[in-house]
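Going by the working numbering, the residue at position 9 of the sequence shown is 9; the numbering climbs one at a time, nothing skipped.
Even glycine gets a Cβ: it sits at the ideal position worked out from N, Cα and C.
To keep things clear, I will list the structure first and then write my remarks on it.
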Amino acid sequence: MTSDNGFGYERVETVERLREFHEVVGTVFVGGGPALDAWVDAFRSRLAVDDFRVATDRGRIVGTYRSFAQRVTTVGAGSVPTRGVTAVTVLPTHRRRGILTRLMADGLDDALADGAAAVTLIAAEYGIYGRFGFGPATDAAGFRIDVERAGLGPVGDVDLRFVTGADYLTASTAVHAGVVIPGKVSRPPTEGERRAGLLLADVPDTTHRVVLYRDDLPVGVVAYRVDELWEDNMPGSTLRVVELLGVDADAERTLWRFVGSVDWVTKVVTGPRPVDDVVGELAANPRAVVQRERSDHLWLRPLDVPAMFTARTFAAPGRLVLDVDDPGWGRGQGPAHGRFVIATEGGAGTCARTDEPADLALPVTSLPRLWTSDDTVTRRVAAGDVAEQTPGAAARADLLLFSPRRPWAVDGF
């Protein structure tokens, strides 16, 4: 189909087109990615399930967009249906010609028609997606641990086992399902297999995979690599955490103590973790656990505000009216525009459209952090992106929206 800007737009339906899709993504994401043949083998089965769509110029792909069915965990362990979006690219030769706008608008239209409560993505650059109504929903941070100074403590008498990739996949799937934290996304397609080394694996595969069991049931998993280093005949190796998940705090404490006990390792570094990770308080010397690279992580575009807030729980009884400004994505007023009343009692709540006077006014891009309880409303009012319409509304909202855990997406995509 040809658009007003002269480019074609179509869905990917053949393996040949899928190969070209990956080549364009690799060109735009200049850091590269998995080898072409391995990636096509991993994702060809997703053609009939995921939404691969492209922009074309004279038959060649110049822009890409992929989305897939997903669920996001709410405060209180509920969940809502969402669409995860990834691989959004436009070739440098075709920037600022409406391609990104068309791909995103078509994708959002379809997500809304499919009944998704929201659309999610991980933003490579901060300034791109706000104009489509996306806003940060969770933060994440990496950690650097000086093992010798930290004093993470002994592992104790536990059942830890090095396992094969297949056994790791079985265990990590079960553990991932048992992790309950706001903002968690359902495991993206092929992600479990990739971390297990069964798809898109490094050759040779240098990842070590360990499972923590209780009564022969998996309750935690950790995958890691070690960069070996010796200086002056003394070890100084760095352990890089690929994945560390436990179904409860006790399991995660055990896994952190394990990675801090691996021979010859003097430093542990991680990728994105929850900003309130237990490792920050586990060390005898907390100064030896440094939080680094803290930033926004999961972004969310609200579509169905009543569905989103009705699916979560609340910490206090009360009533709160939100006035949301949603200009949409260039095709009229957005679906999250208007006033919504949240009424809570006994931990549960309802959310519906209303004509009542507003307590808080905010743009749609600020709604995700309120929904996941990633930040206090009082702080967002101080920052200027939420406006208090009723005196004391921010404090009341903080009581209603309180969550004992900061949200975390767990996986990227």
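Shortest Cα-Cα distance from A249 to any of S237, H208, R53, D277 involves D277. When C-beta atoms of the segment 317 to 329 are compared with those of the segment 282 to 291, fewer than three pairs fall below 8 Å, so the two segments do not count as touching.
Under the 8 Å Cβ criterion, the segment 285 to 295 does not count as touching the segment 47 to 65, having fewer than three qualifying pairs. In the three-state reduction of the DSSP assignment, P306 falls in the helix class, which pools H, G and I. Annotated as distal: V90 and A311, with beta-carbon spacing of 8 Å or more. Beta-bridge pairing by DSSP links A55 to Y9, G63. Under DSSP, E231 shares a beta bridge with M234. In the DSSP secondary-structure assignment, S79 is bridged to T73. In this structure, DSSP gives I99 a helical state, which the three-state scheme calls helix.
Relative to E231, the option among T266, P218, R253, L245 whose CA is nearest is T266. Per the DSSP secondary-structure output, H208 pairs in a beta bridge with Y224.
Closest in alpha carbon position to L103, among G246, T64, V175, E345, is T64. Per DSSP, L282 is one residue of the alpha helix (DSSP H) stretching across 279 to 282. Beta-bridge annotation (DSSP): F68 is paired with G84.
By alpha-carbon distance to A251, the top candidate from V155, Y168, G98 is V155.
A Cβ-Cβ distance of about 13 Å is found for the pair L322 and P368, leaving them out of contact under the 8 Å criterion. In this structure, DSSP gives T313 a state outside helix and strand, which the three-state scheme calls coil.
Counting every other CB atom within 10 Å of its CB across the protein chains shown gives M308 a total of 16 or more, marking it as buried. When the Cα atoms are used, R257 and L152 turn out to be separated by approximately 5 Å. Look at D106 here: in three-state DSSP terms it is helix. Secondary structure note for F162: its beta strand (DSSP E) is the uninterrupted segment 159 to 162. For S172, the enclosing alpha helix (DSSP H) stretches over residues 165 to 178.
Rounded to whole angstroms, the separation of the alpha carbons of G78 and L244 is 23 Å. Segment contact: the segment 195 to 205 against the segment 161 to 170, three or more CB-CB distances shorter than 8 Å; contact assigned. Inter-segment contact for the segment 404 to 413 and the segment 184 to 191 is present: three or more beta-carbon pairs are separated by less than 8 Å.
DSSP places F29 outside both helix and strand once states are collapsed to three, so it counts as coil. The continuous stretches of beta strand (DSSP E) do not include T254, which lies in the alpha helix (DSSP H) extending over residues 249 to 259.
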